[in-house]
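Worksheet: the structure to be examined is printed underneath.
2 protein chains.
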Amino acid sequence: MNQKIKDLVEILKEKNIKPSYQRIKILEYLVLKKNHPTVDEIFKDLVKEMPTLSRATVYNTLDLFKRSELARVVTIEDNETRYDAEVSVHGHFKCENCGTIFDFPVDEKALYSDALKDFMITEKNVYFKGICPKCHNTNK
Amino acid sequence: MNQKIKDLVEILKEKNIKPSYQRIKILEYLVLKKNHPTVDEIFKDLVKEMPTLSRATVYNTLDLFKRSELARVVTIEDNETRYDAEVSVHGHFKCENCGTIFDFPVDEKALYSDALKDFMITEKNVYFKGICPKCHNTNK
DNA sequence: GTATCATTTTATAATCATTATAAATACCTA
DNA sequence: TAGGTATTTATAATGATTATAAAATGATAC
């Protein structure tokens, strides 16, 4: 536990981010909960143990993490921004029934297109929607 | 021109959508302008020739088109929903400098992942961000 | 052709995620 | 400890989207 907190502090320091209590907790949340939480989910969970936490802090911190490449935005629905501490290229599948988001591997080479040979690519996103196996079986 | 309108009416009828003037014009806009417009862009352009047009109609109609698979949502930024009359699987590249959105081909087979073999996939989305050749050269 | 009913559109208000602002707090250095 | 900077907080403002109810349009039966 202490070790883990220490790791989080190190991660922040490497990115020249001052490790405030709020930042450590938000980073910890992202790293431990790998369920691509929305801003609101992060806020509502963390405010339980940090009653003075402000939504603005959550927004500011996530934006800071994004700019520092500690987290990436997962845009699947236009009305909820999610965050993911796993910044490598991978796909997201969202079940339209239960809302769960699953990761899946993406072959980056396969995504290459000649049409983009003169483009400077800074971000690659792949997401699918549909019904996950669990919901598919239940509904049948 | 008349022929084209007639085609649009046919497209709507095939989906069992009554071809009202507003629906024809919005579909025409999507089909002719292939620039993945936002709802606001569609509204602001069309209200010029249809002064009584309401934003609600644009929202309702686009939602109807989406459900009827006449258009697909292009979610790239979380604060602007775009629409595309091209419903086949293809990628979108958004230039972070000029905002232009480019289409590029995507090899659907290459996107296949064993991890999703038990999932029912209804929608596949690929989008990249970066700098387009034009902006890249200008800024250099 | 007119009355009736259903559909579509419109205008407006409500909602909700996000951003902006300014004050309060915490942190750092001299 | 004092003074200055960075961070957090509370609150208000913004802006896209959705909800609601009235008005307009269109279709059908008589």
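Here the protein sequences come in this chain order: C and L.
Its first residue numbered 12, the first sequence is counted upward by one per residue in the numbering used here.
Its first residue numbered 12, the second sequence is counted upward by one per residue in the numbering used here.
Using N, Cα and C, we set each Cβ at its ideal position, and we do this for glycine too.
This one's a predicted model, so the numbers in the text were calculated from it and none came from an experiment.
* Asked: Sorted by chain position, which residues of the same chain lie with C-beta nearer than 6 angstroms to C/Val137's C-beta, five sequence neighbours on each side aside?
  -> Gly102, Val117
* To do: Measure the Cβ-Cβ separation of L/Pro30 and L/Val42 and say whether it is below 9 angstroms.
  => no
* Could you tell me how far apart the beta carbons of C/Asp89 and L/Thr86 are, in whole angstroms, since I believe they sit closer than 8 angstroms? => Rounded, the Cβ-Cβ distance is 5 angstroms, consistent with contact.
* Where does L/Val84 sit, in a helix, a strand or coil, going by DSSP? -> strand
* Asked: Got a sec: is the Cβ-Cβ distance from C/Asn90 to anything in chain L below 9 angstroms?
  -> Answer yes: the Cβ-Cβ gap between C/Asn90 and chain L drops below 9 angstroms somewhere.
* To do: Note down, in chain order, every chain C residue with its Cβ under 7 angstroms from the Cβ of L/Tyr138.
  => Asn136
* State yes or no: is the beta carbon of L/Gly102 nearer than 9 angstroms to at least one beta carbon in chain C? => yes
* Asked: In chain order, what residues of the same chain have a beta carbon less than 6 angstroms from the beta carbon of C/Ile112, not counting five sequence neighbours either side?
  -> The residues are His47, His103, Lys105.
* What are the residues that DSSP puts in a beta bridge with C/Glu91? -> As a beta-bridge residue in DSSP terms, C/Glu91 pairs with C/Glu88.
* Asked: In its own chain, which residues sit with a C-beta less than 8 angstroms from the C-beta of C/Lys24, not counting the 5 before and 5 after it?
  -> Pro30
* **Interfacial residues, the region 115-137 of chain L to chain C, with Cβ spacing under 8 angstroms** => Phe115, Pro116, Val117, Asp118, Ala121, Leu122, Ser124, Ala126, Leu127, Asp129, Phe130, Met131, Ile132, Thr133, Glu134, Lys135, Asn136, Val137
* Does any residue of chain C bring its CB to less than 9 angstroms from the CB of L/Ile28? -> no
* To do: Quick one: give me the first and last residue of the alpha helix (DSSP H) that C/Glu107 is part of.
  => Looking at the DSSP string, C/Glu107 is not in any alpha helix (DSSP H), and its letter there is neither H nor E.
* Name the DSSP beta bridge partners of C/Thr49, please? -> C/Arg93
* Asked: Is the CB of C/Val84 under 9 angstroms away from at least one CB in chain L?
  -> So yes, C/Val84 belongs to the interface.
* To do: Just the C-alpha distance for C/Lys145 and C/Glu91, rounded to the nearest angstrom, thanks.
  => 23 angstroms
* Asked: So, are the CB atoms of C/Glu107 and C/Ile142 less than 9 angstroms apart?
  -> yes
* Asked: How many angstroms separate the CA atom of C/Phe76 from the CA atom of C/Arg93?
  -> The C-alpha of C/Phe76 lies about 13 angstroms from the C-alpha of C/Arg93.
* Kindly say whether L/Cys143, judged by its beta-carbon, lies nearer than 9 angstroms to any beta-carbon of chain C. => Yes, contact with chain C.
* To do: Kindly list, in the order they appear in chain C, the residues whose Cβ is closer than 9 angstroms to that of L/Ile87.
  => Thr86, Asn136
* Report the three-state DSSP secondary structure of C/Asn27 (helix, strand or coil). => coil
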